[in-house]
């Protein structure tokens with residue numbers, strides 16, 4: 166187009182109609198977005214909440230931006246209505262009408278007036294302090310409204326996302342906390358008496374404080390998505406909530422363990438009494454056996470047998486007392502410790518009995534070996550051999566007399582074995598004669 170004006174070439178009728186159609190569609194879209202923002206649940210909550218911290222600061226700016234948005238939209242609506250009225254004057258617009266429309270649609274023809282209070286907190290187009298009035302073109306005004314809408318919606322969506330996610334989850338966790346605390350009290354897990362009771366009190370205080378902070382300052386618990394430009398891009402920060410949820414789960418597991426103790430405490434105490442009783446009987450048997458060994462076996466070191474575990478008996482009595490008074494939180498660790506110590510005590514008693522009776526076992530083995538060789542020689546027709554009978558009788562007197570010297574008796578048995586081997590004319594080596602010890606018995 167050859168004609169020009171202050172804003173450039175004058176638009177023809179087709180260009181004007183296309184521009185009005187585009188601006189009308191933008192007007193409708195902007196109006197729909199503003200109404201949706203006005204009715205947004207997050208915005209209504211922000212208006213009625215007592216905000217603090219970063220949320221209070223950002224909502225103050227967002228409120229000013231939303232007010233300014235409606236001011237811009239009203240100015241935009243007025244300019245579009247004026248342009249439509251000019252275009253509707255006549256079917257074929259005159260040059261004066263086209264010049265006026267070109268200035269209105271392309272030039273900075275829109276004046277936006279506002280009070281200092283309305284624009285003080287809203288960011289301006291040029292980043293400086295707000296002025297009482299500014300002039301915009303319709304295109305610039307649309308860009309400006311898009312910017313203000315995006316920042317306002319981002320703030321509203323973020324706050325609404327935190328409020329939708331965290332308070333409800335905190336309330337559910339608090340309800341679980343209440344049930345756990347009631348269960349803990351029923352088994353004696355209370356603050357000042359058990360670490361789990363102290364943990365429950367700390368979790369209660371933390372959740373109460375967390376909920377108050379989330380309600381008053383939701384944006385303090387919002388993590389924006391990196392590189393995201395979409396309004397509300399990000400997620401609620403649940404770090405504190407997750408930590409307390411894990412702590413409550415650990416407490417619940419500990420209480421479950423205490424509950425398990427309550428259910429089978431009696432059986433476990435009965436088993437402990439039985440184990441300790443067996444240990445006592447084994448030690449008593451070992452003490453009796455030690456006296457027998459000292460009387461029957463000579464020149465032998467016999468270990469001293471310890472007394473019964475008095476400390477364990479006292480702890481077992483304390484466990485029974487805890488059970489009687491339903492102090493399950495104290496009974497649980499005591500039973501675990503006692504069960505381990507009782508098994509160790511029974512093992513110690515058995516080892517003592519084995520160590521004490523070892524000389525008697527050696528004597529029994531020598532007796533069995535001597536009789537087995539004698540039976541073998543009788544079977545082979547050598548029972549009446551005088552030398553063999555003499556060696557047998559000597560070994561037998563040593564093994565069946567008290568006290569018995571095991572070292573001397575063993576040598577006598579070895580001499581009998583050697584004599585029997587020579588009598589049989591075998592080449593078998595006997596124990597103590599430089600060869601391997603024959604432990605296979607006379608029937609080998």
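Residue numbers (the working numbering): 166 to 609.
Even glycine gets a Cβ: it sits at the ideal position worked out from N, Cα and C.
| Asked | Found |
| --- | --- |
| Residue closest to residue 277, alpha-carbon to alpha-carbon, out of 239, 264, 255 | 239 |
| Three-state class that DSSP yields for residue 243 in the structure shown | helix |
| Local Cβ density within 10 Å of residue 475, reported as buried at 16 or more and exposed below that | exposed |
| Cβ shell of residue 515 (< 7 Å), same chain only, five flanking positions each side left out | 447 |
| According to DSSP, residues forming a beta bridge with residue 387 | 401 |
| Reduced DSSP secondary structure (H/G/I, E/B, other) of residue 598 | At residue 598, the pLDDT of 43 sits below 50, so the modelled position is not reliable and the matter cannot be decided from this model. |
| Reduced DSSP secondary structure (H/G/I, E/B, other) of residue 451 | helix |
| The region 324-339 touching the region 364-384, judged by at least three CB pairs closer than 8 Å | yes |
| Sub-8 Å separation of residue 420 and residue 349 beta-carbons | yes |
| Cα-Cα separation, residue 613 to residue 325 | This structure cannot speak to residue 613, because the chain is shown only from 166 to 609. |
| Cβ separation of residue 454 and residue 521, assumed to be a contact under 8 Å, to the nearest whole Å | 5 Å |
| Inter-residue Cα distance where the pair is residue 226 and residue 320 | 10 Å |
| Boundaries of the alpha helix (DSSP H) in which residue 517 is found, first to last residue | 493-544 |
| Helix, strand or coil at residue 256 [DSSP, three-state] | coil |
| Selected residue, minimal CA-CA separation from residue 184, among 198, 269, 351 | 269 |
| C-beta atoms of residue 315 and residue 389 nearer than 8 Å | no |
| Whole-angstrom distance between residue 422 and residue 311, CA atom to CA atom | 59 Å |
| Nearest to residue 541 (by Cα), restricted to the options 194, 581, 344 | 581 |
| Straight-line gap, residue 318 to residue 298 (C-alpha atoms, nearest Å) | 25 Å |
| Residue closest to residue 491, alpha-carbon to alpha-carbon, out of 243, 425, 507 | 425 |
| Contact between the region 408-416 and the region 477-492 (3+ Cβ pairs under 8 Å) | no |
| Proximity below 8 Å, CB of residue 244 to CB of residue 274 | yes |
| Supposed close pair residue 456, residue 517 - CB separation, criterion 8 Å | With a Cβ gap of about 14 Å, residue 456 and residue 517 do not count as contacting. |
| Distance, residue 432 Cα to residue 469 Cα | 34 Å |
| N- and C-terminal bounds of the beta strand (DSSP E) containing residue 299 | 298-301 |
| Alpha-carbon to alpha-carbon, residue 272 and residue 305 | 10 Å |
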